[in-house]
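Taking this note's numbering, the leading residue of the sequence shown gets 544, the next gets one more, and so forth.
What follows is a single structure, written as structure tokens, with notes after it.
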Amino acid sequence: MGSYTREPWLIGGDFNEIKNLDEKRGGGSRTFKQMSDFVDVIEELGMRELLTTGSKFTWLNKRKGWGRIWERLDRFVANDDWCDRFPKAKVVNGDFYGSDHRDISIQLFDKDRLAIRLGTKRFMFKNKWMMEAGYSETVRMVWAARGTWCSLVERLRACGQKNQTWAYEHSGCILKKIKWVSKQLEACLCNDELKDNSDEIGKLEAELEKLYS
Numbered sequence: 544m545g546s547y548t549r550e551p552w553l554i555g556g557d558f559n560e561i562k563n564l565d566e567k568r569g570g571g572s573r574t575f576k577q578m579s580d581f582v583d584v585i586e587e588l589g590m591r592e593l594l595t596t597g598s599k600f601t602w603l604n605k606r607k608g609w610g611r612i613w614e615r616l617d618r619f620v621a622n623d624d625w626c627d628r629f630p631k632a633k634v635v636n637g638d639f640y641g642s643d644h645r646d647i648s649i650q651l652f653d654k655d656r657l658a659i660r661l662g663t664k665r666f667m668f669k670n671k672w673m674m675e676a677g678y679s680e681t682v683r684m685v686w687a688a689r690g691t692w693c694s695l696v697e698r699l700r701a702c703g704q705k706n707q708t709w710a711y712e713h714s715g716c717i718l719k720k721i722k723w724v725s726k727q728l729e730a731c732l733c734n735d736e737l738k739d740n741s742d743e744i745g746k747l748e749a750e751l752e753k754l755y756s
């Protein structure tokens with residue numbers, strides 16, 4: 544199929560196969576034929592794997608102790624035309640976010656160029672702000688300060704601007720905590736082969752889910 548297209552071509556997702564035994568930890572071994580067939584298909588399509596950062600393993604069966612299995616099942620591959628068009632592209636393996644697969648994303652440009660192309664970042668409201676001390680009162684003050692003469696659109700715009708300020712002032716601590724909890728969870732998952740950390744893993748996963756909500 545790859546020989547019939549002259550367009551840039553990118554394929555990504557869960558391939559449900561590994562390329563070699565270095566991409567698997569725990570459980571039974573894959574047969575050489577299974578892995579070689581997968582590699583042959585990628586080569587026949589004229590594709591190559593993109594540079595990847597983050598943890599090598601993208602799938603985890605979530606079992607305890609010696610039953611835990613890690614594999615690299617998720618990846619991005621592209622043909623030469625696509626790689627020539629996006630030479631700075633790289634794949635980022637993120638967290639599990641409650642799934643048995645890691646979140647994987649692709650960054651097309653370096654950070655400086657990406658910031659120039661995207662301009663203003665997309666604003667995202669967090670429901671948990673409403674539970675934080677001072678937030679509701681801040682919104683009420685902004686809403687009331689516009690006066691009865693102010694239109695609904697103008698009130699919403701003012702509240703939106705205040706929300707962005709709130710996000711800037713409060714997200715730094717949250718992001719640091721997410722990073723710390725993710726690091727602790729990763730360490731527990733890796734050490735679970737040596738001892739049963741299932742209780743601690745469950746607590747960290749619940750805390751991480753709460754931070755992301």
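Built from N, CA and C at the ideal position, the CB exists for glycine as well.
- Query: Contact check, residue 619 vs residue 635 under 8 Å by CB: the rounded distance?
  - Reply: Within the sequence shown, numbered from 1, the residue matching residue 619 stands at position 76. Within the sequence shown, numbered from 1, the residue matching residue 635 stands at position 92. The pair is not a contact, with the Cβ atoms about 10 Å apart (cut-off 8 Å).
- Query: Hey, out of 583, 704 and 561, whose CA is closest to residue 574's CA?
  - Reply: Looking up residue 574 in the sequence shown gives position 31. The candidate whose alpha carbon is nearest that of residue 574 is 561.
- Task: Could you spell out the range, first to last residue, of the alpha helix (DSSP H) harbouring residue 745?
- Result: Your numbering for residue 745 matches position 202 in the sequence shown. 741-755 is the extent of the alpha helix (DSSP H) around residue 745.
- Message: Classify residue 708: buried if its beta carbon has 16 or more other beta carbons within 10 angstroms, exposed otherwise.
- Response: One-based indexing of the sequence shown puts residue 708 at position 165. Burial call: exposed.
- Query: Buried or exposed: residue 718, going by 16 or more other Cβ atoms within 10 Å of its Cβ?
  - Reply: As a first step, residue 718 is located in the sequence shown; it is residue number 175 there, counting from the start. Flag for residue 718 reads exposed.
- Message: Do residue 743 and residue 733 count as a contact pair if the criterion is CB distance below 8 Å?
- Response: The sequence position of residue 733 within the sequence shown is 190, counting from 1. The sequence position of residue 743 within the sequence shown is 200, counting from 1. In this structure, residue 743 does not lie closer than 8 Å to residue 733 by Cβ.
- Please check the pair residue 616 and residue 601, which I expect to be a contact at CB under 8 Å, by giving their CB distance rounded to whole angstroms. What you label residue 616 is simply residue 73 of the sequence shown in a count that begins at 1. What you label residue 601 is simply residue 58 of the sequence shown in a count that begins at 1. The C-beta distance from residue 616 to residue 601 rounds to 6 Å, short enough to fall under 8 Å.
- Where do the ends of the alpha helix (DSSP H) carrying residue 688 lie? By 1-based counting over the sequence shown, the position of residue 688 is 145. 678-688 is the span of the alpha helix (DSSP H), which, as asked, contains residue 688.
- Going by Cα to Cα distance, which pick from 569, 551 and 706 is closest to residue 672? Counting from one through the sequence shown, the residue named residue 672 turns up at place 129. That would be 706, whose Cα lies nearest to the Cα of residue 672.
- Query: Taking just the CA atoms, how far does residue 585 sit from residue 643?
  - Reply: Residue 643 sits at position 100 when you count from the first residue of the sequence shown. Residue 585 sits at position 42 when you count from the first residue of the sequence shown. Between residue 643 and residue 585, the C-alpha separation is close to 25 Å.
- Where does residue 576 sit, in a helix, a strand or coil, going by DSSP? The count along the sequence shown starts at 1 and reaches residue 576 at position 33. Helix, per DSSP.
- Where residue 550 sits in the DSSP three-state scheme: By 1-based counting over the sequence shown, the position of residue 550 is 7. Annotated three-state conformation of residue 550 is coil, per DSSP.
- Message: Beta-carbon within less than 7 Å of residue 747's beta-carbon, same chain only, minus the 5 sequence neighbours each way: which residues are those?
- Response: Within the sequence shown, residue 747 is the residue found at index 204, counting from 1. Closer than 7 Å at the Cβ level, and outside the excluded window around residue 747, lie 724, 727, 728 and 731.
- Query: In terms of DSSP beta bridges, what is residue 648 paired with?
  - Reply: Counting from one through the sequence shown, the residue named residue 648 turns up at place 105. Paired residues: 635.
- Query: What does residue 613 pair with, by DSSP beta-bridge criteria?
  - Reply: Taking the first residue of the sequence shown as 1, we reach residue 613 at position 70. Partner(s): 568 and 603.
- Item | Where the alpha helix (DSSP H) through residue 627 begins and ends | By 1-based counting over the sequence shown, the position of residue 627 is 84. Run containing residue 627: 623-628, per the alpha helix (DSSP H) assignment.
- Thinking C-alpha only, which one of 551, 751, 721 and 567 is nearest residue 626? Within the sequence shown, numbered from 1, the residue matching residue 626 stands at position 83. For residue 626, the nearest C-alpha among the options comes from 551.
- Beta-carbon proximity list for residue 631, same chain, < 6 Å, skipping 5 on both sides: Residue mapping note: residue 631 aligns to position 88 of the sequence shown, counting from 1. Answer for residue 631: 652 and 653, listed in chain order.
- Going by beta carbon distance, what residues of the same chain come within less than 7 Å of residue 563, once the five residues before and after it are set aside? Mapped onto the sequence shown, residue 563 falls at position 20. Excluding sequence positions up to five before and after residue 563, its CB lies within less than 7 Å of the CB of 578, all in the same chain and listed in chain order.
- Message: When you compare the CB of residue 744 with every CB in chain B, is at least one pair closer than 8 Å?
- Response: In the structure shown, chain B does not exist; there is a single protein chain.
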